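Residue numbers (the working numbering): 26 to 129. Each remark here refers to the structure printed beneath this line.
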Amino acid sequence: MSVTPKTSAASAPLLKNAAAAPLIYFDGSPVHGTLSGIIEVELASRFLMPKADGSVQSDMTCVAHLRCSPNAARSLIDALSHALSMLEQAGHQNSMAEPTRLNS
Numbered sequence: 026m027s028v029t030p031k032t033s034a035a036s037a038p039l040l041k042n043a044a045a046a047p048l049i050y051f052d053g054s055p056v057h058g059t060l061s062g063i064i065e066v067e068l069a070s071r072f073l074m075p076k077a078d079g080s081v082q083s084d085m086t087c088v089a090h091l092r093c094s095p096n097a098a099r100s101l102i103d104a105l106s107h108a109l110s111m112l113e114q115a116g117h118q119n120s121m122a123e124p125t126r127l128n129s
């Protein structure tokens, strides 16, 4: 998402509190369901846990409990689909470089 407004420089930011919002990285969404019309998705990430014998154990942990309305879920699906299309058009460049495009 662009952090600069598309209108004049004097207009307000598109999202309030964007700088303070948490960043959630996840490797998968292994559990999902619904309850009373609400979409439920658990986001998980792989982590490494050192063991007493000096070895390391890999495990998965829940990093977020995503809850939303059906309309919000459709909006998220749409945003993810657009982001995947942008990635495919860029030739699957998997680097930490600056994004070449935002919301286009």
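Built from N, CA and C at the ideal position, the CB exists for glycine as well. Bear in mind that the values here come from a model prediction, so they are computed numbers and not experimental data.
- Message: Could you tell me which whole beta strand (DSSP E) segments of length 3 or greater appear in the stretch 46-87?
- Response: 53-60 and 63-75
- For THR59 and GLU65, believed in contact at Cβ under 8 Å, the rounded distance: 6 Å
- Query: So, ILE63 versus ARG99, is the Cβ gap smaller than 8 Å?
  - Reply: no
- Message: Within the continuous alpha helix (DSSP H) that includes SER94, where are the two ends?
- Response: Taken as a continuous stretch (DSSP letters only), SER94 belongs to no alpha helix (DSSP H), as it is neither H nor E.
- What residues match up with ALA108 in a beta bridge as DSSP calls it? In DSSP, ALA108 forms no bridge with anything.
- Item | Coil, strand or helix - ALA89 by DSSP | strand
- Expected contact under 8 Å - CB spacing of VAL88 and ALA69 to nearest Å: 6 Å
- Message: Going by DSSP in three states, ALA115 sits in which element: helix, strand or coil?
- Response: coil
- In this structure, does DSSP put LEU101 in helix, strand or coil? helix
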